[in-house]
Structures are given as C-alpha cells and as structure tokens.
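Colleague:
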Amino acid sequence: MPPRNKNKNKTPKVGEAVRIAIEVTIKKFLTNEDLKEWEYPSSLTAVERAYVHMEARKYGLKSKSRGKGSSRYLTIYKREGSAIMQKDATMNLTSTSRTLLLSLLSKHPVTTRERQDCLPPVERCKDVYQDGKENSRALGRLCSGSPQVPPPASSKALAQFRASLPIYAFSENIVQTVNESQVTIISGLTGCGKTTQVPQYIMEWHERSGRPCRIICSQPRRISAVSVSERVAIERGEKVGQSVGYQIRLEGKVTPYTVLMYCTSGVLLRTLMSGESMLASVTHIIVDEVHERDRLTDFTLIVLREALTKFRSLRLVLMSATLDASHYSAYFNNCPIITVPGKQYEVTEYYLEDILKQTGYMSSEMEKLRKQLDIRKEQAAALDRWTHAVTKGSDAEFTVTSTKTTAQVLIYNFCRKLILIKTFNNAGHKEMDVALSDAWAYGTENHFFQVLYLIQSENVPVDYQHSETGVTALMVAAARGTLEVVERLLSLGASVTARASNNYTALDWAKLLNRQEISDTIEAYTLTFELNTTCTPMELASDKRLSESDKELLELYHSTVNDNRVDYKLIVALISSIHLESNNRAILVFLPGYEDIIKLKELILNDVSRLSHKTKMILLMLHSNMQTSDQRLVFKPAPLNARKIILSTNIAETSLTLDDVHYVIDSGKVKEKSYNALTGVSQLSTVWISKSCAIQRKGRAGRTQSGVCYRMYSSVRFDAMAASPVPEILCTPLQELCLFSKQLAPPNTSIVDFLSRAIDPPSSIVSRSAVSLLKTIDALDTWEDLTDLGHHLVDFPVEPRYGKMLIYAVVLKCLDPVLTIVCCLSYREVFCVPASASDRRRSCALERAKFANGSFSDHMVLLRIFQNWQEARKQGRERQFCAQNMVNGAAMEMIMGTRAQVLAQLRASGFIKSKGPLDIKYVNTNSDNWAVVKAALIGGLYPNIARVDREHGVLRTVKEHKVQVHTTSVLNESGGTLNKQNLVERLPTDWVMFEEMTRVGRLCHIRTATVVSPITVAVFAGPSKIPFDALSDSHCNAGSDSEEEDVGPDQTATLKVDDWATFRTDSEAAQLALQLRVKWHSLLSKKLRSNKILT
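Residues in the sequence shown are numbered consecutively from 2, following this note's numbering.
(1) Return the chain-ordered list of same chain residues with a C-beta closer than 7 Å to the C-beta of E347, the five sequence neighbours on each side being excluded.
(2) My output table needs one value for K805: the three-state DSSP class, helix, strand or coil.
(3) Please report the distance separating the alpha-carbon of G1049 from that of L1004.
(4) Under 8 Å: do the region 45 to 59 and the region 777 to 792 share three or more Cβ pairs, one atom per stretch?
(5) With Y332 as the anchor, note down where its alpha helix (DSSP H) starts and where it stops.
(6) Return the residue from the list Q876, Q885, K875 that minimises the CA-CA distance to K851.
(7) Helix or strand or just coil, what does DSSP make of Y454?
(8) If you pair each beta-carbon of the region 723 to 739 with each one of the region 758 to 776, do three or more pairs fall below 8 Å?
(9) So who's on the other strand from D1034, going by DSSP bridges?
(10) Given a cut-off of 9 Å on the beta-carbon distance, is the pair A936 and L813 in contact?
(11) Output needed for V590: all residues of its chain with C-beta closer than 6 Å, excluding positions within five of it in sequence on either side, in chain order.
(12) Specify, as a first and last residue, the run of the beta strand (DSSP E) that F1064 falls within.
(13) Is the separation between the beta-carbon of Q243 and that of T265 shorter than 9 Å?
(14) Below 8 Å on the Cβ atoms is my guess for H285 versus R237; work out the distance and round it to an integer in Å.
(15) I believe A1031 touches L1075 by the beta-carbon criterion, under 8 Å. Please report the beta-carbon distance rounded to the nearest angstrom.
(16) In angstroms, rounded to a whole number, what distance separates the CA positions of L491 and L475?
(17) Per DSSP, M363 is paired with what?
(18) Kindly indicate the opening and closing residues of the beta strand (DSSP E) around T349.
(19) Can you say whether G855 is buried or exposed, counting buried as having 16 or more other CB atoms within 10 angstroms of its CB?
(20) Within its chain, find whatever has a CB closer than 7 Å to the CB of E654; leave out the 5 residues flanking it on each side and keep chain order.
(21) Measuring CB atoms only, is the region 1078 to 1087 touching the region 112 to 121, in the sense that at least three cross pairs come out at less than 8 Å?
(22) Candidates N180, G189, T185: which alpha carbon is nearest A170's?
(23) For T400, does the three-state DSSP call read helix, strand or coil?
(24) In the structure shown, what three-state DSSP assignment does P538 receive?
(25) Note the first and the last residue of the continuous alpha helix (DSSP H) segment covering V717.
(26) Please report the distance separating the alpha-carbon of I23 from that of E737.
(27) The alpha helix (DSSP H) with W510 in it runs from where to where?
(28) Sorted by chain position, which residues of the same chain lie with C-beta nearer than 7 Å to L781's C-beta, five sequence neighbours on each side aside?
(29) Out of I356, R987, M895, which has the shortest C-alpha to C-alpha gap to L826?
(30) Which residue or residues does DSSP assign as beta-bridge partners of G189?
(31) With a cut-off of 8 Å, do at least 3 Cβ pairs link the region 602 to 610 to the region 714 to 730?
(32) Please confirm whether R73 and R50 have their CB atoms less than 9 Å apart.
(33) Could you tell me which whole alpha helix (DSSP H) segments of length 4 or greater appear in the region 885 to 931?
(34) Just to check my reading of the structure: K637 and M622 have Cβ atoms closer than 8 Å, yes? What is that Cβ distance to the nearest angstrom?
(35) Are there 16 or more other CB atoms within 10 angstroms of the CB of V795, so buried, or fewer, so exposed?
(36) Which same chain residues, not among the five before or five after V477, have their C-beta less than 7 Å away from its C-beta?
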C-alpha cells in the first residue's frame, strides 16, 4: 500500500493557534449565506492545507487544492446541487391490484370537482380561518384569568433562610426597577436565589400596596417548573395550586385564584398564541434561564418585544446565571441591568499546561519531538548569536567583499554544519538549504538569483523554511536589505507571518537591522493582503502570558495529539494523580458523549487494581438515555475509604447538583447537533464548549465547598472560546417556528421578516428554506398564508410533519399505531445505552431486529416496543421488560403521557369525537394494516424519501448523491458489517422513507427508516396540488421521439409526483395511480376545509 494511503486518516500536526484560526474561518464561511466558496492564500504549508481539507470534510464541505509550488491555493466550497438520477423509477401493479383499483374507480369515478380541488391555485383567497389565533383550540396553555391582590403568606418559618440568600439585599432595588422599567434584566450567579425569590418580591409588594397582579414565570424544563413552584409554595406555607401553581405540557395545578404561575417555555408560547386578550390580563412575565438560548425562548422574546409596545403596563423580567446582559439590554432598548453575586465557594483552576506539569505526562511521540526541539533551541541560540553579532556591526559588514566578516563566517559555518549533519531524501530541499545559507552569509545578487530560481523553476515552496534554522527566503532578503528580492518574493505569495526557530518574522529581521524601506514595504503588504484573509495563524493575546516552558510543553503536546478528540490517556493520568495523592472526595468528569464515557471507563478499569490499592474507586456514569434508577446512583454518598468518579455528559452542567463533588475534570467538548437547511442534513459532532459552559462546569466543584477544576485545554484555547453557546434557533429546523410566526406576527409581516427580529436572527436563507418546506407539505400556500392543513398543524404539540401524519392517520383510520410512532419520534431514543461498549452494537441490533419481525421498518420497531411495554405494564413487569430488552422505561412513561396529550388535542380540534358511536374505535379500523400505516407515515415524512440506485448499488436522496443506512437501523441487520452494496440489493423496494439524515464527515446516514412501495409514494407522498404535467404518455403521442432505449415495451407513461419522484410505468397503471391520488387529496382537502374529519 502506498505511504500516502497509509497516512490518509492521520491528523495533520499543526499548532494550536493555526487550528483555532482555521476553525474560525470555516465557521464564518458556513454562517455567511452570501459566500459560496472561500480561498486560502498560498502561504499555507502542505501540512496546514491537509488540516484544512480534514476540517472541511468534518463540516460537510468540499475542498480542492490547485496550482504548484508558490502558487498552490486551497479553496473550500459549500455542497449544493441535486442528486436527481437520469432514469425514472419504475412502478408495476399486480393483476390483483389493477382489478381492485378498476373496481373502486368504476364505482366512484373522479369527478370534475375533485380534479379542480387538486389543481394549483391561481389567485389568493381569504379562508375561513382569518381569526385563527382567536379561535385556536390548542391545549397545553394557561387558562385565562384576571389579576388579583396576592394573599399574605400563611407561614414565615423560612423567612430567616430567605433573608440569608445573596439576592435578599437587592430586593427593594429589584421591585423598584421592575415598577419603573418595562423590561428588567437580572444577572444572578448560581445559588443567589433569583428563581424563587424575585416572583415573591413582586407578589409581596403588590400585597402591601393592595394592587392586583398576575405573574407568569417560564422555565426551560418541566422538572424546574414543578420543583420551583413546590419550593415557593413551601416558603409561603401553602399547597401548590393556591396562590402559586404550575402548568406543564402534561399536567398542571392552577386555580382561578393563582397569582404566580410557573410554566415551561412551550406553555408560555402557546398561551401567547391564544390571542392578545390573554396579555391584557397579565401584569408580569418572567423568563428564567435565558442564557440557555433554547429556540422557544428566543422566539418568545420576539413576540414579547412586539407586545410591549401595545401593552404599556406589562412588565418583562429576564433572568439568568451566565448572561450576556449588555446584549439583551441593547435588544430591549438599553433596559436596566441588576447584577447579583452568587453563593459560590472558591474553585482553583488548572489548564492543560498545568496538568501536563502536574502529571509529568510525556508520551513517546512527545519525547521524540522533544529531542528535535532541543536541537531547535541550539539553532535559535546560534541565530541569536548571529543577530547579536550583526547588530553590533555596521552596514559595511554587509557589503559584498572577498573577505568574510565575523558574522558571515559564523552563520556560514553554522548553516553548513547543519546541512552536513542531516540526511536528505529530497535533493531539492538540500539544494535550497545550501542556497539559503549562501544568500544569508554573502547576500550577493547571484546568491539570491539561485534562491529565486529554485522557487520558480524547481517547484520549491516560496515559504520553504530552512530544515534546521527555520528561516525563509523572505527573512533572508529582509535581513540582507535586498528590497528588489523582497518585492519579488511578496509577489510570489511569500508569507509575512512565518517564523524562524528564534520566533522572528521577516518584519522582525528588517526592523532589528534597521532596514526601514524593507520594513515599510512588508507592513504595507500586510495591511493590503494578509489582513484580508483570516486564515493566517493568529497570535492570541493570552499566549503572551505563558512562560517559555509552558509554550514548549504545549507545542510538544499539540504537535502529537489531535485536540479535536478527547485524550483519554491524559485524563486517566490526571485521575491517577488525584486519586493517589489527595483526599477521597468525588471527581466529576465532563465528556462529550456516551462513547467517550465508555472508552474512559474501560481504560480506568484496566488500571483499577493499581489505583484501588489504598482507596476504593466507585465508577458511575451519567447520561440522559440511562435508566432513572441508574442516574440516581450518582447522588448516593460514597462509603468510607472510597471515592466516587462520575463520568458524565453536559447533563451535569445545570440540571442537577452533586454536593460531594470536589474535583471537576472538564474535557472542554460537547456533542452539538447542527442542521443545514439547504441540504436537510443534521450533523452531530463534537465541538468546543463556550466560556459560559466552562464556567458552569467549573461551578460544579464549588456548590457546597471549595473545589478544583482541571481544564483539559490550554488558557489560549479558553480565551479563544465563544462567549456563549450557539443559540438553538441558529442550528435547528425552523418549520415549527415559522408556523407560530403566522399566528403571532403583525399583519402584513412576512415570516422571514418576523424571524429576522430575533436577538440573534437566523439566516434569511434558512428561514426561506423552512417556509419552502412548509409549502411543500401544504401547511402554507403560495402566498405564505396558512392552509386548512396549516391551521390544524399550529395547534398540535408536535412538529408539523408529525401533525400531518396524524391527520392522514385519522382519515385513513389507522390512528393508534401512527399516534404511538409520532410520540416515539417526538421524544427521544427508546433504547437504553448498555453498560459496556463491547455488547452495545450487537445487543441493540438483535433487539431491534426481533421487534421488526422482517418488516424492514424502524417505525415498526418503535410501535412494537411500546405495545409490548404496555402489555408488560398491565402485568406489573415493565421493569423486567425494560431490562431484558434494553428499553428506556422513563422514555416509555413520557411517550404514554404525550400520547394522552396529543389524543386530547385531537379531540379538542374535532378529529375525534369525545363519546358516542364515532369514538376512537372508528379511526382505528385499519390499524392492523401495516401498508395503510406506511401511507400515513409517508404523508408526513415527505420529502424525506431515498431512492435505490440499483445500477450503482447506492441510496440517493434529492440533495445527496450517496447516503448510507445508519448502523442502528434494522435495514442494516448486520449492525454495519454488511457490504453497503449488498445491503441495498437486499431491500425489497426502491424507496425508503426516513426520519432524518445526519452527516458524519463526508458520509450522510439516514436514520429511522422504512421501505415503502412505489404505489404508496405515487399516491400519498408529495404536495396535494397536482401539476398539469403529472401524466404524460408517449404511446398516445404518435410523433414522440423518446430517447429512452432501456425501458420496457409497455412502460410508455410517466407519472410525476415531483422532480424527484417520477415513475415510468404502463398507461393503465399510470392512469389508475393518478386517479387514486386525485381521489385521496380531494377527500383530504374536503375534510380539512369543512373541519369535519369524521363525517
């Protein structure tokens, strides 16, 4: 195998500053919608270019290098275009199917009215839902009420505790500011008491003044809304549901006398959507934990900012622990900010450079590189001696004479010696070393001519650095005062940022030797060209505070380790150092994901005998997909002579408090999901956390006592981190928010314009893409108005596509299985993560295949898991079922609750009759017919359908020319070991519908997939409006000159759903499928228009 292939997957070793700079440019490129490509200058080295190629693949970008030598440039591109195949798909109907369809359509032929219902609209019309927001029947919102004077607290037993909180000293200031300002921002650190006390301060002021109030306080999570309301009720000496209550998606405790209501962000948004009359009865809205930047909170702030202009008496309070207060203050017209200190113990911080010294960590690769750095130190010292010699001399020392000066002899002998001690594989490099040495020693025109000749004619890079000293041609020219050569090298693209082994740049040499004209030329070039490119290595301010030994240690480490991944060995070394040398207090390790937790756990267990010699170790894991009973183990205190080591994801950042944690080890990484609206691809990748997240992680060590935080990244990296995490509204699909916009935006305001008013607005391209998708699924019409379907989708507490599935299911009378599948999809992974990595893929694959029962359907797996869990629950053995089948019991409980809520919404919307003969049984007569269930599913999942290209053995989607089935899918029975082409050949049909498409590097994977027949796609997928050219038949056109030579003699007709789903079939089959499609969409349209689904 050639060497280049052997090293293909190795990470290029570049400095940390270069990595940060490249990451910054790529992220800027991705967020700039106007840029289609980005070109890096030729000053990048080959290794740096290799790193750019690797990073581009990670983000799903294309990259290409072109040119040679000094003119080699690298360009990155955004992936665009279509994967439409040249050949149309085929659709064949069996004789039985033809007979049934002919019989059906002869009894119920397509009428002229039905054809008209399916024609594209030609003019805008007002529909019956003009006052849709006032007539909304959405559940999961706060009931209407009126402001009341709060009753006095029943008990003051906890008054002393409340007075001990840091926020108590600010109570009068808070109330006064809230009364005087329409918007108030409270930035209070963790533990200050803002969440429980601020609403009470407002209530108590209104009680004393005898003024009525009605307060809503939103929380990002359900558990927070419930627990905080319970705590406030206890402090007031009453039960929840009296003056203090809560409302979450599945339950609530609110009465007409409730003054303070805690709710989730979603409930607040649904309440705002019920109409402006609700806001007229509210005096205060408090939005807590604003810093978490979830999409619903950011969207709600748009609505509230618009509402403040109409309701001048409304007061808005924003609260957070790590909030960029000035950013929010500017958004709300420079509103006042109140900063409250937290109740936090001192936490000592250590960065990567400190950890390397504390542990004495030195890998074999680092040791090897260290020897090379020792040689570089000698070279730098020699360069310093030469610099010292020439700076003491005069310009006469640089005149060309036959007699060498002391400095010339010194540098000439030094460079010659270096060349002799190195063995070269590349004769060109050896020749360039000699040329640079001679030019540096003599400085004559002939010597520089030789340097330029090698660069221009022998393909030596213009920024080639001397193999031992690190000097470049530009440095030599700057030091020797040859302006003409300097200008020539700059025109060839020489980098002004390259550094020699003594850390000097060409400009440093020119200034040091007082070459004013040359230094002016280089500075002018830098301002004109280099600053226009952000890809050159940045020199961060924080780097200057590092000692030389720290810089050297970090250079050794980063040159041998890929810091895009977690260094498990270093973490184990750090844990060993802590465990063997300090007290028995708990260690909390933050890791990006489950796979990282498992890998680190296995490494620790491999060394557990040595580590547990004095003190026993108790290894625990914390992950959102673990069983609740397993999660609770982290709260139990460790026995004497034992230490807890908790390996956790970011779930431990804010959601819970572990009182006995003294040490925090922060990997600095998190799993982040991003969404590309242009390609419809989601990507789950490991990225660096923000500074605010780093501060939150550090705070876990100082909740009840002083602690220590070890950061597995340098202080340079910390200073380069983003101040806060990327807002969710910028990296998730916007279809749901676009529908909400139609309910909440002012009249004559487009969806894109309304979303652009967010505090951090999404790209207009992303917003327009979401609007386009809503038009595709018939939620919006051509003029961006809500359709009949769209008005119903707004009310559903699920994503629009899931809501469409439910409506299809009601009409097709297969509601129960589709309702279960929708609730499973809208929640989270129903399978638990296993306790060890070795059995994960095998066990999960076996369990999924068992539930699929040969159906080639992940949706069938979800359905049968829930059905079997329900049966086990009735028999009281649900825990045993979950343990045996690796099912997440907590997820099952949530799914059951969500089913009840969605079912209630369907009843409220008139889709299901509450009681009587037309009850839920009526909408389930086809629930046992899996083909009908798949028809309902594809109605919502479209356009998420992939097509099998059997000629090339791959799956394709409308925007990706090649996708793979995810290893967790039952379509991939072998757990990923089966040849991909063989996998495609095994599929029984040419169409696969899927839940989402994710990218891992260059490859896209489809997840939660189900095979579906061509006739199902032809009838139920795609828009309800059927184009005029939906059917064409070359058999009927005598003069047709078809260029298709490989179609069958009977496949003369083409049925077009859209540009992606186009079928070649016989005339009869095409006619039957088209008529059935017209029948279906006409029926659905009539039901939605009349709002009588069941009649």
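Positions of the beta carbon are idealized from the N, C-alpha and C atoms, including for glycine.
Modeller: Here's the rundown:
(1) Only G703, S707 meet the Cβ criterion.
(2) helix
(3) Because the pLDDT at G1049 is just 46, under 50, the model does not fix this residue reliably, and the value given afterwards should be weighed accordingly. Spanning the two alpha carbons is a distance of roughly 35 Å.
(4) no
(5) Going by DSSP, Y332 is part of the alpha helix (DSSP H) stretching over 326 to 332.
(6) For K851, the nearest C-alpha among the options comes from Q885.
(7) helix
(8) yes
(9) As a beta-bridge residue in DSSP terms, D1034 pairs with A1054.
(10) Yes; because the gap between Cβ atoms is below 9 Å, this pair is in contact.
(11) L648, I666
(12) For F1064, the enclosing beta strand (DSSP E) begins and ends at 1063 to 1066.
(13) Against a cut-off of 9 Å, the Cβ pair of T265 and Q243 comes out as no contact.
(14) Rounded to whole angstroms, the Cβ separation of H285 and R237 is 17 Å, and the two are not in contact under 8 Å.
(15) 6 Å
(16) When rounded, the distance between both Cα atoms is 8 Å.
(17) In the DSSP output, where bridge partners are listed per residue, M363 has none listed.
(18) 348 to 351
(19) exposed
(20) C694, Q697, R698
(21) Proximity of the region 1078 to 1087 to the region 112 to 121 meets the contact definition, three or more beta-carbon pairs being nearer than 8 Å.
(22) G189
(23) Only weak support is given to the placement of T400: the predicted model assigns it a pLDDT of 36, under 50, and the question is left unresolved by the model.
(24) With a pLDDT of 36 at P538, under the threshold of 50, the modelled position of that residue is not reliable, and the figure given next carries that caveat. It is coil, neither helix nor strand.
(25) 716 to 721
(26) 34 Å
(27) 507 to 513
(28) V772, L775, L787, T788, G791, listed in sequence order.
(29) M895
(30) As DSSP reads the structure, G189 sits in a beta bridge with V341.
(31) no
(32) A contact, by the Cβ cut-off of 9 Å.
(33) List check, alpha helix (DSSP H) in window: 890 to 909.
(34) Wrong, their Cβ atoms sit about 14 Å apart, outside the cutoff.
(35) buried
(36) L437, A440, W441
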